Amino acid sequence: MSSSLAPFDSAMADGPLNQLLAMGGPVMMVLLVMAVLGLVTFTYLVLVGTLYAPRLSRKLKSLITLWQQNPSGVHPQAIRLQANRWAKLNPLLNLVINTIEAQQNNQDNRQVREMSARDAQQALEPFEAPLKIIEVIAALAPLLGLLGTVLGMMEAFSAMAATEGRANASQLSGGIYEALTTTAAGLVVAIPFAALAAWIEFRLRRIHKIINSTLVSVLSVTPEAFTGQQEQVSGHESEAPIQATARQPCAEPEAAQESRTGDRQRFAHATG
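Heads up: the sequence shown is residues 705 to 976, going by our numbering.
Shown next, in the form of structure tokens:
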């Protein structure tokens with residue numbers, strides 16, 4: 705049984721992971737852990753960005769346009785009930801609905817802006833921590849590679865000092881090889897994660913810009929304008945019976961109508 709497992713154990717001992725650890729020393733283990741952590745963080749960020757990223761959908765654009773044109777025609781509770789499951793995952797939709805509802809309730813403009821800023825910050829929080837992790841990995845990987853280089857050179861010079869300057873090439877090559885390997889591994893880990901951090905930061909800035917422009921469009925409708933429109937609508941409704949009463953035709957004699965028509969024709973002829 706032990707003889708049958710001997711090839712498997714030797715394959716594991718000579719595997720790529722053990723080879724990397726043997727080439728780079730303990731610093732290589734730290735770099736591998738950081739690389740795995742960065743990949744897991746990036747995968748999590750992609751999933752969260754796909755499901756919970758603030759996005760300006762077509763229905764949300766239509767809602768903002770309706771709010772700007774007819775604020776009294778927007779009903780936040782009805783919009784919440786009509787939204788599907790995918791739309792409810794959009795933080796920007798909840799942010800717009802909460803802002804509109806606060807304005808319709810005639811809350812203080814300063815409180816509405818503070819509430820909108822707080823909700824916008826909460827919508828971006830799931831993306832800030834993973835971005836910080838990736839940025840830290842991109843910054844620490846070259847430093848760890850440099851640390852491995854220093855340790856490898858120290859090992860090489862320690863071997864030379866132990867032999868009083870009579871060290872052969874095989875004794876020096878181990879420390880130099882470790883130094884070069886950790887430097888290369890640090891750069892291999894740092895370069896792609898630095899590019900990913902820059903791309904994620906660009907996406908976050910774009911999302912932040914979308915949130916700001918959307919809030920500006922929603923907050924441009926002031927409570928005074930909303931109240932004035934309501935009063936105007938109610939005023940038209942109250943004046944409707946009066947206008948209907950005033951528009952009831954009075955029985956005029958046909959002779960008077962014919963004379964008025966003749967006067968209009970003469971006036972037109974005189975001015976023409």
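The C-beta atom is built at its ideal place from N, Cα and C for all residues, glycine as well. Note that the coordinates shown come from a computational prediction; the quantities given were computed from them, not determined experimentally.
Would you say PRO758 touches the ligand COA, meaning its beta carbon is less than 7 Å from a heavy atom?
-> No copy of the ligand COA occurs in the structure displayed, which carries no ligand at all.
With a 10 Å radius around its C-beta and 16 neighbouring C-beta atoms as the bar for buried, classify GLU829 as buried or exposed.
-> GLU829 is exposed by the Cβ-count criterion.
Please work out which residues of its chain come closer than 7 Å, Cβ to Cβ, to ALA894, disregarding the five sequence neighbours upstream and downstream, and give them in chain order.
-> Contacts found: ALA842, ALA845 and PRO846.
At what residues does the alpha helix (DSSP H) containing ALA845 begin and finish?
-> ALA845 -> alpha helix (DSSP H) spans 813 to 866.
Counting Cβ pairs closer than 8 Å, one from the segment 846 to 863 and one from the segment 907 to 923, do we hit at least three?
-> For the pair of segments examined, the segment 846 to 863 was found not to touch the segment 907 to 923: the number of CB pairs separated by less than 8 Å stays below three.
Buried versus exposed call for VAL747 [16 or more other C-beta atoms within 10 Å across all chains shown] | The residue asked about is misnamed: residue 747 is Thr in this sequence, not Val. By the 10 Å Cβ count, THR747 comes out exposed.
Taking only runs of the alpha helix (DSSP H) that begin and end inside the segment 740 to 822, which ones reach a length of at least 4 residues, in chain order?
-> Inside the segment 740 to 822, DSSP marks whole alpha helix (DSSP H) runs of 4 or more residues at positions 762 to 773, 780 to 786, 789 to 792 and 795 to 808, from first to last along the chain.
Give the straight-line distance between the Cα atoms of THR853 and ALA889, rounded to the nearest whole angstrom.
-> Whole-angstrom Cα-Cα distance: 11 Å.
Below 8 Å between beta carbons: does that hold for THR885 and LEU850?
-> The criterion of a C-beta distance shorter than 8 Å is not satisfied by THR885 and LEU850.
Would you identify the three-state DSSP class for GLY890, choosing helix, strand or coil?
-> Three-state DSSP puts GLY890 in a helix.
Quick one: using the 10 Å Cβ neighbour count with 16 as the cut-off for buried, is ILE794 buried or exposed?
-> The residue you asked about is not Ile; residue 794 is Asn in the sequence shown. It counts as buried.
Are ILE904 and ALA757 close, meaning C-beta to C-beta below 8 Å?
-> No, the pair does not count as a contact, with Cβ atoms beyond the cut-off.
Do the CB positions of VAL816 and ALA806 come within less than 8 Å of each other?
-> It is a contact, given that the beta carbons lie within the stated cut-off.
Spatial neighbours of VAL778 in its chain, beta-carbon cut-off 8 Å, leaving aside the 5 residues before and after | These residues qualify, in order along the chain: LEU767, LEU770, TRP771, ILE804 and GLN808.
If you draw a straight line from the C-alpha of LEU755 to the C-alpha of LEU900, how long is it?
-> For LEU755 and LEU900, the gap between their C-alpha atoms comes out near 19 Å.
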